[in-house]
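Student: Using my numbering, you'd call the opening residue of the sequence shown number 344 and step up by one each time.
Glycine residues also receive a C-beta, built at the ideal position from the N, C-alpha and C atoms.
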Amino acid sequence: MQTFLAYLNNWKWNDEKVLHHFADAFTPLCVKRKTLLTVAGETERYLYFVNEGVQRIFYVTDEGKDITLLFGYSGSLFGIADSFLLQKPAAYFFETLTASHFLRLHYDRLQQLVQQYPFIQSFLLSATAAALQGTIQRQIELQTFSNEQKFHALMQRNAHLLNKVPHKYIASYLGMDATNFSKLHNHQKITNHGKCQHLD
Numbered sequence: 344m345q346t347f348l349a350y351l352n353n354w355k356w357n358d359e360k361v362l363h364h365f366a367d368a369f370t371p372l373c374v375k376r377k378t379l380l381t382v383a384g385e386t387e388r389y390l391y392f393v394n395e396g397v398q399r400i401f402y403v404t405d406e407g408k409d410i411t412l413l414f415g416y417s418g419s420l421f422g423i424a425d426s427f428l429l430q431k432p433a434a435y436f437f438e439t440l441t442a443s444h445f446l447r448l449h450y451d452r453l454q455q456l457v458q459q460y461p462f463i464q465s466f467l468l469s470a471t472a473a474a475l476q477g478t479i480q481r482q483i484e485l486q487t488f489s490n491e492q493k494f495h496a497l498m499q500r501n502a503h504l505l506n507k508v509p510h511k512y513i514a515s516y517l518g519m520d521a522t523n524f525s526k527l528h529n530h531q532k533i534t535n536h537g538k539c540q541h542l543d
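#1: Apart from the five residues just before and just after asparagine 501, which ones in its own chain have a Cβ nearer than 8 Å to its Cβ?
#2: Report the option in Phe347, Thr378 and Lys377 whose CA atom is closest to the CA atom of histidine 363.
#3: Measure how close the beta-carbons of valine 374 and serine 443 come, nearest whole angstrom, since I'm counting them as under 8 Å.
#4: Given a cut-off of 9 Å on the beta-carbon distance, is the pair threonine 370 and glutamine 398 in contact?
#5: Jot down the residue ranges of each uninterrupted beta strand (DSSP E) in the stretch 440-464, minimum 3 residues, whole runs only, in chain order.
#6: Taking just the CA atoms, how far does proline 461 sit from lysine 511?
#7: Do you know offhand how far phenylalanine 421's Cα is from histidine 530's?
#8: Going by other Cβ atoms of all chains shown within 10 Å of its Cβ, with 16 needed for buried, is leucine 497 buried or exposed?
#9: With a Cβ-Cβ cutoff of 9 Å, do glutamine 430 and tyrosine 450 count as a contact?
#10: Which of the three DSSP states is assigned to leucine 542 in this structure?
#11: What residue from Leu446, Lys507, Ile483 and Thr478 has the CA that sits closest to phenylalanine 365's CA?
#12: Any idea which residues DSSP pairs arginine 399 with across the strands?
#13: What did DSSP end up calling phenylalanine 488 once you bin it into helix, strand or coil?
#14: With threonine 566 as the anchor, note down where its alpha helix (DSSP H) starts and where it stops.
#15: Around the Cβ of leucine 390, are there at least 16 other Cβ atoms within 10 angstroms (buried) or fewer (exposed)?
#16: Looking at the secondary structure, which residues open and close the beta strand (DSSP E) in which leucine 505 lies?
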């Protein structure tokens with residue numbers, strides 16, 4: 344809970360009581376790796392805060408190609424946001440990549456809290472705006488950056504994923520094929536350590 348409270352305190356809450364009422368409404372959930380929490384076609388009922396673990400949201404094309412869109416990890420709100428906020432069927436899948444510990448809040452409970460404490464609506468708007476800003480920045484990178492630039496941007500922001508996530512998912516997330524990603528990763532290891540190391 345302390346990690347969650349620290350996250351919430353990144354926003355300026357006008358009342359500590361409201362902050363704690365909001366935080367206390369979340370309930371814990373622990374799941375194993377490779378668990379599908381939401382399936383395309385289902386409506387997302389929960390907002391998640393990640394205490395521990397790594398997750399992804401992915402899309403499956405009509406041809407069956409698996410495309411990783413987002414990663415979740417400790418200290419972040421996560422879930423299929425558009426399905427949750429609009430209460431419409433999801434177009435994506437939400438799965439855990441490692442054993443994961445969450446705090447989660449049901450949509451109906453959130454609506455009760457918003458009615459009781461209007462400031463929570465402001466918090467949700469701010470959090471959504473921050474997420475949208477990050478999504479737009481990533482779209483710019485996907486469409487304008489070279490593979491090398493995309494790889495280095497990942498290393499600056501989320502280097503920890505390299506040791507926790509299958510590289511095929513990271514390659515998909517970066518919009519490159521696995522072979523090109525492997526070359527970049529090998530080069531990174533050689534540059535940092537002076538010799539090749541075994542890749543997971």
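Tutor: Once the coordinates are examined:
#1: Walking along the sequence shown from the start, residue 501 turns up at place 158. Around asparagine 501: Phe414 and Tyr416.
#2: Here residue 363 refers to the residue found at position 20 when the sequence shown is read from its first residue. Minimum Cα distance to histidine 363 is reached at Phe347.
#3: Here residue 374 is taken as the residue at index 31 of the sequence shown, counted from 1. Here residue 443 is taken as the residue at index 100 of the sequence shown, counted from 1. Their Cβ separation, rounded to whole angstroms, is 6 Å, which keeps valine 374 and serine 443 in contact under 8 Å.
#4: Sequence index remark: in the sequence shown, residue 370 carries index 27 (1-based). Sequence index remark: in the sequence shown, residue 398 carries index 55 (1-based). Taking 9 Å as the Cβ cut-off, threonine 370 and glutamine 398 do not qualify as a contacting pair.
#5: 443-449
#6: Residue numbering aside, residue 511 sits at position 168 when the sequence shown is read from its first letter. Residue numbering aside, residue 461 sits at position 118 when the sequence shown is read from its first letter. If I take the Cα positions, the gap works out to 43 Å.
#7: The residue you call residue 421 lines up with position 78 of the sequence shown. The residue you call residue 530 lines up with position 187 of the sequence shown. About 32 Å.
#8: As a position in the sequence shown, residue 497 is number 154, starting the count at 1. Flag for leucine 497 reads buried.
#9: Within the sequence shown, the letter at position 87 stands for residue 430. Within the sequence shown, the letter at position 107 stands for residue 450. Yes. Within cutoff.
#10: Reading the sequence shown from its first residue, position 199 is the one you call residue 542. A caution first: leucine 542 carries a pLDDT of 32, below 50, which makes its placement in the model too unreliable to give a value.
#11: Position 22 of the sequence shown, counted from the first residue, corresponds to residue 365. Phenylalanine 365 has its Cα closest to that of Leu446, out of Leu446, Lys507, Ile483 and Thr478.
#12: Taking the first residue of the sequence shown as 1, we reach residue 399 at position 56. In the DSSP output, where bridge partners are listed per residue, arginine 399 has Phe414 and Glu438.
#13: Translated into the one-based positions of the sequence shown, residue 488 becomes position 145. The answer is coil: DSSP assigns phenylalanine 488 none of H, G, I, E or B.
#14: Residue 566 is absent from the model: the chain starts at 344 and stops at 543.
#15: For this step, residue 390 is matched to residue 47 along the sequence shown. Per the 10 Å Cβ criterion, buried.
#16: In the sequence shown, the residue the question calls residue 505 occupies position 162. First-last for leucine 505: undefined, no H or E at that position.
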